[in-house]
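Student: Quick one: the structure is below, questions incoming.
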Amino acid sequence: MEWYTLRVISGKERKIRENILYEVSSNGFEEQVIDILVPSENIIEMKDGKKKIRNKVFFPGYLLIQMDMNKESRYLVENITGVMRFVGPQGHPDPIKTDEINRIIGVVESGDAREVIKTLYRVGDHVKVTDGPFVEFNGYVQEVNDDKQKLKVSVSIFGRPTPVELNYLQVELEK
Numbered sequence: 001m002e003w004y005t006l007r008v009i010s011g012k013e014r015k016i017r018e019n020i021l022y023e024v025s026s027n028g029f030e031e032q033v034i035d036i037l038v039p040s041e042n043i044i045e046m047k048d049g050k051k052k053i054r055n056k057v058f059f060p061g062y063l064l065i066q067m068d069m070n071k072e073s074r075y076l077v078e079n080i081t082g083v084m085r086f087v088g089p090q091g092h093p094d095p096i097k098t099d100e101i102n103r104i105i106g107v108v109e110s111g112d113a114r115e116v117i118k119t120l121y122r123v124g125d126h127v128k129v130t131d132g133p134f135v136e137f138n139g140y141v142q143e144v145n146d147d148k149q150k151l152k153v154s155v156s157i158f159g160r161p162t163p164v165e166l167n168y169l170q171v172e173l174e175k
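Residue numbering for the sequence shown follows our numbering, starting at 1 and increasing by one per position.
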């Protein structure tokens with residue numbers, strides 16, 4: 001059984017996965033289609049100073065499917081609503097390399113799908129510190145570091161502007 005990449009309608013990956021699983025069980029193909037993955041990660045978005053967790057698909061428009069590729073199983077899968085085709089040269093399904101699929105499965109199963117915080121902070125934004133030693137201090141953003149998910153905020157301590165490094169979850173935009 002090998003893994004293949006399946007091109008599907010973007011944004012409908014989970015629904016199409018359910019449809020494939022339904023058709024596979026309805027038609028007795030459980031021994032030929034083993035698993036279907038929709039690799040995803042959690043994104044923490046800050047909206048109005050509140051955390052919102054959203055699940056984002058790693059590969060929009062694609063599913064990973066482990067199956068025994070033959071005419072019948074391929075026909076069944078390709079004729080499900082939302083499925084476009086298998087990925088491969090000249091329309092021939094090309095199996096995913098073992099090391100690549102193992103890496104993807106490892107990330108999905110280990111839960112190491114990193115939590116990325118998508119920020120709305122920009123240099124010059126006025127913020128209020130909500131956590132840590134500078135709670136209730138107000139300041140403005142001097143730097144935004146998306147890689148480390150940190151902000152350099154200038155707060156007034158004893159009347160003097162002092163740069164403080166804070167993570168995204170320790171501040172909220174002032175209204």
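Ideal Cβ placement from N, Cα and C applies to all residues, glycine included.
1) Quick check on the burial criterion: 16 or more other C-beta atoms within 10 angstroms. Buried or exposed for Q170?
2) Express the C-alpha separation of F158 and V107 in angstroms, rounding to a whole number.
3) How should G132 be labelled, buried or exposed, when 16 other C-beta atoms within 10 angstroms of its C-beta is the threshold for buried?
4) Give a yes or no on whether the C-beta atoms belonging to L76 and L37 are separated by under 7 Å.
5) How close, in whole Å, do the beta carbons of V8 and I16 come, if the pair is a contact with beta carbons under 8 Å?
6) Starting from I20 and walking both ways along the alpha helix (DSSP H), at which residues does that stretch end?
7) Please state whether DSSP places P163 in a helix, a strand or coil.
8) Return helix, strand or coil for V87, following the three-state DSSP convention.
Tutor: Reading off the structure:
1) Residue 170 sits at position 170 when you count from the first residue of the sequence shown. Label assigned to Q170: buried.
2) If you number the sequence shown from 1, residue 107 lands on position 107. If you number the sequence shown from 1, residue 158 lands on position 158. Roughly 47 Å separates the two Cα atoms.
3) Counted from its first residue, the sequence shown places residue 132 at position 132. Flag for G132 reads exposed.
4) To locate residue 76, count along the sequence shown from 1; it is residue 76. To locate residue 37, count along the sequence shown from 1; it is residue 37. No, they are not a contact pair.
5) For the purposes of this step, residue 8 is taken as the residue at position 8 of the sequence shown. For the purposes of this step, residue 16 is taken as the residue at position 16 of the sequence shown. Between I16 and V8 the Cβ distance is about 5 Å, and since that is below 8 Å, they are a contact.
6) Sequence index remark: in the sequence shown, residue 20 carries index 20 (1-based). Here the alpha helix (DSSP H) through I20 covers 13-26.
7) Translated into positions along the sequence shown, residue 163 becomes position 163. Assignment of P163 by DSSP, reduced to helix, strand and coil, places it in the strand class.
8) Here residue 87 is taken as the residue at index 87 of the sequence shown, counted from 1. V87 falls in the coil class under three-state DSSP.
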